[in-house]
Amino acid sequence: MSIERCCGNNKTMSGHFFLIAEKSKLYFTFQDQAEQFFRSGHTNNWAVLVCTSRFWFNYRHVANTLSVYRSVKRLGIPDSHIVLMLADDMACNPRNPKPATVFSHKNMELNVYGDDVEVDYRSYEVTVENFLRVLTGRIPPSTPRSKRLLSDDRSNILIYMTGHGGNGFLKFQDSEEITNVELADAFEQMWQKRRYNELLFIIDTCQGASMYERFYSPNIMALASSQVGEDSLSHQPDLEIGVHLMDRYTFYVLEFLEEIHPASQTNMNDLFQVCPKSLCVSTPGHRTDLFQRDPQNVLITDFFGSVRKVEITTGALALDRDVAALESNYFQFDVVNN
Amino acid sequence: MSLCSAPRPGRALRQRLSGLARPCPAAHPPAMGLLSDPQCRRALARLLLRLNTPLCVLSYLAGLTWFLLLPALAPRTYLSENAMGSTMVGEGSDLGPRALALARDFGAHKRKVGGMPVEWLEQTMFQLGLEVHRQPFSRTLPFPDEAHERYLVRGTNVFGVLRAPRAASTEALLLLVPGSEGSKNNQAVGLLLALAGYCRGQVYWAKDLIFLVTEHDLLGTQAWLEAYHDVNLTGIHSGGVPGRAGAIQAALALELSSDVLTSVDVAVEGLNGQVPNLDLLTLFHSFCLKSGLLCTFQGKLPPPEGPSGPGYAQSLRTMGLMVLGQAGGGPGGAHGLFLRFRIEALTLRGINSFRQHKFHLGALGRTLEGMFRKLNNLLERLHQSYFLYLLPSLSRFVSIGSYMPALGLLLLVLALRALDLWMRLSRSDEGEGDPPPEEARGGLLWLLPPILVSGGAGAALYLLPVRGQAVATQHFPVGEAEAVVLALIGIYVAGMALPHSTHRALSGGGQRGWMTLKLLALLALALLLTCLALLNFSLGFLLGATLVPPAAAVRPGGSRLPLAVLLVLTTPGLSLFLAVLLERELLEAPAGLGEAWQRFLGALGQGLLQEHLHGAHLSPLLCLGAYPCWLLLWNVLFWK
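If you're matching them up, the sequences are chains A and B in order.
FYI, in this note's numbering the residues of the first sequence are -1 to 336.
FYI, in this note's numbering the residues of the second sequence are 359 to 998.
Given below as structure tokens:
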């Protein structure tokens, strides 16, 4: 099966390969290598990072989102594959005593705003409608490319959301909400339109676990910072800036992610252990029943990084001696098809 | 207890209930409501007539008790505004030495110029980096009082605007020092300038900061406010305000006349009994707790925690002082003038008493810095917390939902009495059959003179003292202010002689006459108190507590002396005198009668002056509202 999907190219090369492979004993070696090569089944990574709250006192939500953005970029996902939605501008807010910076720690060592942040949806563009359109792909034709989620059925998508939430809803910008049912339906639309291979959903709000209760599409893994009935707490109150800088759960997730590098073999079970109740005060939760693979075998970099696997072969591969016969068969098929 | 069965219970229940009901027989159509069934109505009416006086007394006492219980059951204050946030901000200023130096400079220049050193202020503010403007104003007083001693008052306000570095100038915060003569408030001006210099060096301002120094205290503040908002409320002539900074979200007025302070007293009541949003006060209180600065309210220390006798007494005294202050309706400080424009404002008075522990100006400076920083985070006007409340202490409050039933119970007395009179009048209507035509016509005609005369006396009381002050100065060999006050008292007492004069001219009316007149007086009083309940609860409650018993009890005939004494004791003028005495008592500085009389005269003068200068409502309400009602009752008492 896996040999049909090769080189990130969905064209009918698969047919060609199949024809050749029938005539070649290299079929089985290729399959082994290909299976190992595409162990996770995905070929590209996307990230949709959403901060839904505005106003200066919600500084920490923007810091949360920017921390995840920073990690995801560091691990290899480029800006063209990240849809970053920030509901307010904290770095250039007139109340910011340190303009053009957003800090995630009291010691102010790490400026998560950095030098090359690319915000795709900013300020009042972060609405429930825009978010759902991004996910489902029902976007007006005039939307620029950077605002689209151009994923396919081989994409692993990381969706991170933060803001103020409640039992079964997440508040967008003080004026509207998205419910867990809407979100589950959006993910089902994505599945039916083959817009993802696997999806990792992380949410850091109060009663976050209620948001993933209703998911019913396959290949979704979800993490939340608190159970229903619990509040997610903020962290890092800073007297100089005058606000809380981060939320607890994302603070510890960021700490965890700082240890990850593109070649890490850390798996999802380690992510589930991040921020136990003693540190987080709330009880983080996760859901893996819809996911087909064992979380033990899922690497962090499957979702947080965009790992291009490169294998350097030292030896030469011995192809069939009858190269001319192979080539003629190939061209024959090509002629027939064209 | 149920007098009639309810419309739809089951048969067994109905029978049981009808067995219990005494006045109402069981044989009546079950579908009738309580009031539409004539038999039930008669039963209710009989009950009301029989139990009227006990119910009135009970209701009145319940109202008073409710009010007295309020300090004991008041919940704690809490910060409702999310934007003013959970974290405190760290303060980095040390303004003490700078403030003192600037204060001495200001004092020296003030002495040299002999008034407000406008040029020096302008120059200093400019050097601090503010955008400076001056605003001249002039005001003709209705009569010269002891503070100003002349009719025409001229002055100049000086203010500097610190523009927010990265925001549009749509909103502003204000720090105000009311400049006065002598060496009052010099240190406040010094602290204002030092704070302005410090704030100029910070980058986190999202709103403009206005630093205002006014001349002639409240007159200057009123002039500036009117010019800033481009309105003309009190007939003041002022130059326009060239430098505008957007809508003012909050204002702090500072009064400080000493180099060190032992406590900060916060004044909350404003003009006409308005108060700022409770969030502003809670914010200030939380800063006091954080910095350890001693903050007092109404000059009283905070009561001890936990339920206790002395704690309750202290809370009751504090709340009583706030009620008296609100009822007086005067601006309790410069902040009181801002509330009309819905700008939340407080006045902070630095007090230097004999306590051992002194605070330097730096502590107050840090508190101000912290408050402005927190207010800077606001995104909307303060609107999350209560706008109407009473405070037994800085950490506890009584919301309008808790205190309004007290006045409601007082109004219930008036309603019961009015119902009683109405039923008696309609009963005598039915009972007499055909009343003689002249008396029926006469019943209404005899009402007209007392009403007109009372209204006229009220109008005379309102208009004559100030307009006729020239005549008054000829009759009384005293200054204009005293003449006006004495004229006021004279007209007031003369109004009390009116029933005798009018009754000599008219006679008749009889039983129905006085009952109708009393009904009208009760309705007028109820209307007045209901309006006051919404506008100025404290004034409404105090007037109600004094005027409701005589209103309910008064009737002609029988021995008039006790009722006359009761009416005289509860006349609005005397209530004002007693209020002055009570205030001194609550402040734990009891005044003798002589001193109280002087204060009373001063209060009368201030009341008249404030009405003209700031648009205070106490004078018109008492002269045109309470006094005519009282005169009507006085007329009822002396009805022939």
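By construction, the Cβ of each residue, glycine as well, lies at the ideal position given by its N, Cα and C atoms.
These numbers come from a predicted model, not from an experiment.
Report task. Give me the Cα-Cα distance between R52 (chain A) and D575 (chain B), rounded to the nearest whole angstrom. Result -> 42 Å
Query raised in the report: Nearest to D77 (chain A) by CA position, among A:C90, A:D86 and A:V115, is which residue?
Result: A:V115
Query raised in the report: For the beta strand (DSSP E) that contains Q271 (chain A), what are its first and last residues?
Result: Where Q271 (chain A) is concerned, there is no enclosing beta strand (DSSP E), although the alpha helix (DSSP H) it sits in stretches over M266 to Q271.
Query raised in the report: Can you list, in chain order, the stretches of the alpha helix (DSSP H) that have 4 or more residues and sit fully within the segment 468 to 543 of chain B?
Result: Listed in chain order, they are 476 to 486.
Query - 8 Å contact criterion, which L980 (chain B) and P930 (chain B) should meet: CB distance rounded - result: 5 Å
Query raised in the report: What in chain A is Cβ-close to L737 (chain B), meaning under 8 Å?
Result: F53 and W54
Query raised in the report: Going along the chain, which residues of its own chain have a beta-carbon closer than 6 Å to the beta-carbon of F343 (chain B), five neighbours each way excluded?
Result: The question about residue 343 (chain B) has no answer here: the residues shown for chain B are numbered 359 through 998.
**Report entry** Under 8 Å between C-beta atoms of L989 (chain B) and A815 (chain B)
**Finding:** yes
Report task. Compute the Euclidean distance between the alpha carbons of R285 (chain A) and A182 (chain A), then round it to the nearest angstrom. Result -> 14 Å
Report task. For A466 (chain B), count neighbouring Cβ atoms within 10 angstroms of its own Cβ and tell me buried if that reaches 16, exposed if not. Result -> exposed
Query - Residues of its chain near P986 (chain B), where Cβ-Cβ distance is below 6 Å and the 5 sequence neighbours each way are ignored - result: S812, G813 and G816
Query raised in the report: From what residue to what residue does the alpha helix (DSSP H) around T620 (chain B) run?
Result: Looking at the DSSP string, T620 (chain B) is not in any alpha helix (DSSP H), and its letter there is neither H nor E.
Query raised in the report: Got a sec, what are the start and stop residues for the alpha helix (DSSP H) C275 (chain A) sits in?
Result: The residue you asked about is not Cys; residue 275 (chain A) is Lys in the sequence shown. From DSSP, the alpha helix (DSSP H) with K275 (chain A) extends over K275 to C278.
Query raised in the report: Could you check where the beta strand (DSSP E) with S673 (chain B) kicks off and where it finishes?
Result: Element bounds for S673 (chain B): not the beta strand (DSSP E) but the alpha helix (DSSP H), G667 to G686.
Query raised in the report: Could you give the residue range of the alpha helix (DSSP H) that holds N128 (chain A)?
Result: V126 to T134
Requested in this report: Give the DSSP bridge partners of L610 (chain B), in chain order.
Outcome: Bridge pairing for L610 (chain B): B:L533 and B:L704 [DSSP].
Query raised in the report: Is V70 (chain A) closer than 8 Å to L148 (chain A) when the C-beta atoms are compared?
Result: The answer is no: Cβ separation not under 8 Å.
Query raised in the report: So, helix, strand or coil for E253 (chain A), using DSSP?
Result: helix
Query raised in the report: So which of B:G871, B:E738 and B:M781 has the shortest CA-CA distance to P914 (chain B)?
Result: B:G871
Report task. Taking only runs that begin and end inside the segment 178 to 243 of chain A, name each unbroken alpha helix (DSSP H) of 4 or more residues, in chain order. Result -> 178 to 190 and 207 to 210
Query raised in the report: Under a three-way DSSP split, which group does F895 (chain B) fall into?
Result: Here F895 (chain B) carries a helix assignment [DSSP, helix/strand/coil].
Report task. Can you have a look at R799 (chain B) and say buried or exposed, based on whether 16 or more other CB atoms are within 10 angstroms of its CB? Result -> Any answer about R799 (chain B) is weak, because its pLDDT of 49 lies below 50 and its placement is not dependable; what the coordinates show is given next. So R799 (chain B) counts as exposed.
Query raised in the report: Going by DSSP, which residues form a beta bridge with L996 (chain B)?
Result: According to the sequence provided, residue 996 (chain B) is Phe. The question's Leu does not apply to it. Beta-bridge pairing links F996 (chain B) to no other residue.
**Report entry** Short Cβ contact (8 Å threshold) for E529 (chain B) with K565 (chain B)
**Finding:** yes
**Report entry** Cutoff 8 Å: Y562 (chain B) Cβ touching any chain A Cβ
**Finding:** yes
Report task. Give the DSSP bridge partners of R434 (chain B), in chain order. Result -> B:R754
Query raised in the report: Excluding the five sequence neighbours on either side, which residues of its own chain have a C-beta within less than 7 Å of the C-beta of H718 (chain B), listed in chain order?
Result: Excluding sequence neighbours, H718 (chain B) sits near G454 and V618.
**Report entry** Delimiting residues of the alpha helix (DSSP H) encompassing N42 (chain A)
**Finding:** The continuous stretches of alpha helix (DSSP H) do not include N42 (chain A), which lies in the beta strand (DSSP E) extending over residues N42 to C49.
Report task. Could you tell me whether the Cβ of A432 (chain B) comes closer than 8 Å to any Cβ of chain A? Result -> no
Requested in this report: Kindly say whether R193 (chain A), judged by its beta-carbon, lies nearer than 8 Å to any beta-carbon of chain E.
Outcome: Given the protein chain composition of this structure (A and B), no chain E is represented.
Query raised in the report: For E238 (chain A) and chain B, any beta-carbon pair shorter than 8 Å?
Result: Output row for E238 (chain A): interface = yes.
Query - T592 (chain B) vs L971 (chain B) beta-carbon contact at 8 Å - result: yes
Report task. Could you tell me the boundaries of the alpha helix (DSSP H) in which R400 (chain B) lies? Result -> P396 to R408
Query raised in the report: How would you write the range of the beta strand (DSSP E) that H741 (chain B) sits in, first residue to last?
Result: First-last for H741 (chain B): undefined, no H or E at that position.
Query raised in the report: Taking 8 Å as the CB-CB cut-off, is A984 (chain B) touching chain A?
Result: no
Report task. State the start and end residues of the unbroken alpha helix (DSSP H) segment that holds V824 (chain B). Result -> L806 to R825
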